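Enquirer: Have a look at this one.
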Amino acid sequence: MCEKYIPWRPFALSGRHARLAFDGMRTHEGSLYIDLHQELNPSVRFSMFFDDLPLAMRFSNESFRLKSLRSILKPVNDSLYFVDNSNFLCDFHDESVGIYRDDGLTHISLLTDEWFDFVVGDLPTFVFHK
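Heads up, the sequence shown is in our numbering, so the first residue is 4 and it goes up one at a time.
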């Protein structure tokens, strides 16, 4: 079965331009921050905040994900996606011998010039910077 990328527009980002650019990544006290800005309005800066570290994370340049990029509807107007029929989540369950299968985990992707994949139990929140 093919992976399906479903655009995700969290409430905090609704009504805003959906293409994002990557600025940096940092951890602090067991939390993960992905620093971003709007592609068309660089003054709008915020962090994608994971209260707990994701259970699994994959990071690569988008040019190394050309097969996956074909699965996203054109034109690519969004940066955040839920991934159905996720190979990454399937591999996670396989590697963990299925002990998390009943935990309601989700695979989300962040597509900028870099491509991030996260397996999470709780969705991240968004913290805007002034």
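Where a beta carbon is used, it is the ideal one built from N, C-alpha and C, also for glycine. Computed from a predicted structure; not experimentally measured.
1. Which same chain residues, not among the five before or five after residue 45, have their C-beta less than 8 Å away from its C-beta?
2. In the DSSP assignment, the alpha helix (DSSP H) including residue 94 goes from what residue to what residue?
3. Taking the beta carbon of residue 111 as the centre, do at least 16 other beta carbons fall within 10 Å, making it buried, or is it exposed?
4. According to DSSP, is residue 113 helix, strand or coil?
5. Under a Cβ-count criterion, where at least 16 other Cβ atoms within 10 Å of its own Cβ denotes burial, should residue 98 be classed as buried or exposed?
6. Just to confirm, is the Cβ distance from residue 87 to residue 9 under 8 Å?
7. What residues in its chain sit with their C-beta under 8 Å from that of residue 7, if we drop five residues either side in the sequence?
8. Reducing DSSP to helix, strand and coil, say where residue 16 ends up.
9. Can you name the start and end residues of the beta strand (DSSP E) that residue 59 belongs to?
10. Identify, in the order they occur along the chain, each residue of the same chain with its Cβ nearer than 8 Å to the Cβ of residue 2, setting aside the five sequence neighbours on each side.
11. Considering only their Cβ atoms, is the gap separating residue 13 from residue 129 smaller than 8 Å?
12. Do you know offhand how far residue 26's Cα is from residue 39's?
13. Could you name the residues that DSSP lists as bridge partners for residue 118?
Expert: Put simply:
1. As a first step, residue 45 is located in the sequence shown; it is residue number 42 there, counting from the start. Excluding sequence neighbours, residue 45 sits near 24.
2. Within the sequence shown, numbered from 1, the residue matching residue 94 stands at position 91. Run containing residue 94: 90 to 98, per the alpha helix (DSSP H) assignment.
3. Taking the sequence shown and counting its residues from 1, one reaches residue 111 at position 108. Under this definition residue 111 is a buried residue.
4. Within the sequence shown, residue 113 is the residue found at index 110, counting from 1. Strand at residue 113.
5. Counting from one through the sequence shown, the residue named residue 98 turns up at place 95. With fewer than 16 Cβ atoms within 10 Å of its Cβ, residue 98 is classed as exposed.
6. Position 84 of the sequence shown holds residue 87. Position 6 of the sequence shown holds residue 9. For residue 87 and residue 9, yes; Cβs fall inside 8 Å.
7. On the sequence shown, position 4 is the one that residue 7 refers to. Closer than 8 Å at the Cβ level, and outside the excluded window around residue 7, lie 74, 86, 87, 88.
8. As a position in the sequence shown, residue 16 is number 13, starting the count at 1. Residue 16 falls in the helix class under three-state DSSP.
9. Within the sequence shown, the letter at position 56 stands for residue 59. Start and end: 59 to 64.
10. A question about residue 2 goes unanswered here, because the residues of the chain that appear run from 4 up to 133.
11. Taking the first residue of the sequence shown as position 1, residue 129 is located at position 126. Taking the first residue of the sequence shown as position 1, residue 13 is located at position 10. In contact: residue 129 and residue 13 (Cβ atoms closer than 8 Å).
12. Locating residue 26 in the sequence shown gives position 23, where the first residue counts as 1. Locating residue 39 in the sequence shown gives position 36, where the first residue counts as 1. Going by the C-alpha atoms only, they are around 5 Å apart.
13. Walking along the sequence shown from the start, residue 118 turns up at place 115. Bridge partners of residue 118: 63, 114.
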